[in-house]
Amino acid sequence: MTEKQIIKIQQSIKRHRAALAAEKRKFGDYDDSAGRRYVIADLYMKISDYKGAITYKKWFDKNFPDDMGSALLSLNWSVAYYELGKMHEAKMLAIETGLQNVYLHHLLLKRSVTRIDMEEHGHDLLAFAEELVNYCKKTVTSPYLEWLTGFMESDEYKKPVTRYIALSKLLKDEDNREKRSELLNQIWDLEEQIREGIKIT
């Protein structure tokens, strides 16, 4: 990427952030129905501005605390933390990516993938991962993929992802309302532990 292209993207980031700031001044809060907050994250990664990406993540988390994010966002944050040498954060966000879509990492590593018979919500579909993977390849780095290959073989990664899949399989075949609620709570608790950086044992 040329210096001119980088400057153009930096200017685009400023415009999007200015638009969000204007929105808050006018309405007292962020609506962002246009999804600018996601575009900004992508733009930081596009120019490999990892420090900028993580500084922006902290702002994002503070101003959109209820945003559940996405596999792409978590993957981008994980790559940024990895490139900055922040391994704990890189690991937790890699696991979070794995929970948001159990197929995406495997596709990034060019592994054969088959659909798992489990409860699905749209963002976790194999078809969604297949659409997303080529876009993800534009921001992941070769060192990150090499690291991810090894990390995915660790219990630290396997245990939460395997548990998520097991709970989602049970959820798909469960019709009892109370039992479904219990399973959903277990999934949410698992996701929350990962977001808080708690290692699953």
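Numbering (our numbering), first residue to last: -6 to 194.
Yeah, the Cβ is synthetic: ideal placement off N, Cα and C, and Gly gets one too.
Given the structure is predicted, the values throughout are model-derived calculations rather than measurements.
Go through its chain and collect everything with a Cβ distance to residue i's Cβ below 8 Å, but skip five positions before and after it.
i: L210; result: As shown, the chain starts at -6 and ends at 194. That puts residue 210 outside it, with no answer to give.
i: Y128; result: L65
i: S63; result: Y31, Q93, H116
i: L77; result: Y43, K44, I47
Rounded C-beta distance between residue i and residue j? I'm assuming under 8 Å.
i: I47; j: A27; result: Not quite, the Cβ-Cβ distance comes to about 23 Å (not below 8 Å), so this is no contact.
i: D59; j: N94; result: With 8 Å as the limit, D59 and N94 do not qualify as a contact, their Cβ atoms being about 20 Å apart.
i: I40; j: I88; result: No, I40 and I88 are not in contact; Cβ-Cβ is about 26 Å, not under 8 Å.
i: I187; j: M85; result: 6 Å
i: L119; j: V106; result: 7 Å
i: Y49; j: Y37; result: 6 Å
i: Y75; j: Y137; result: 5 Å
For residue i and residue j, what's the separation of their Cα atoms in angstroms?
i: L164; j: G45; result: 39 Å
i: L177; j: M111; result: 13 Å
i: L100; j: A122; result: 8 Å
i: K130; j: K(-3); result: 23 Å
i: F20; j: N56; result: 14 Å
i: R18; j: L141; result: 41 Å
i: D35; j: I6; result: 10 Å
i: I(-1); j: M145; result: 33 Å
i: S147; j: N169; result: 35 Å
i: E171; j: E185; result: 21 Å
i: A15; j: M61; result: 24 Å
Would DSSP call residue i helix, strand or coil?
i: S63; result: coil
i: E89; result: helix
i: T48; result: helix
i: N56; result: helix
i: A34; result: helix
i: L177; result: helix
i: Y75; result: helix
i: L118; result: coil
i: M80; result: helix
i: D166; result: coil
Measuring CA to CA, which of the options is closest to residue i?
i: W70; options: Q179, F121, Y31, M111; result: Y31
i: R104; options: M111, H114, G115, V126; result: V126
i: G190; options: A83, R173, K19; result: A83
i: G143; options: K51, I0, L102; result: L102
i: R108; options: K162, M145, Y150; result: K162
i: M(-6); options: A15, D148, E146, D42; result: D42
i: K151; options: H98, D168, R173; result: H98
i: I180; options: E139, D148, E113; result: E113
Only counting the same chain, and skipping five residues up and downstream in sequence, which positions put a Cβ closer than 7 Å to that of residue i?
i: R29; result: H9, A12, L13
i: S67; result: L86, E89, T90, Q93
i: I33; result: I6, H9, R10, Y49
Short of 6 Å in beta carbon distance, which residues of its chain neighbour residue i, apart from the five on each side in sequence? Order them along the chain.
i: S135; result: none
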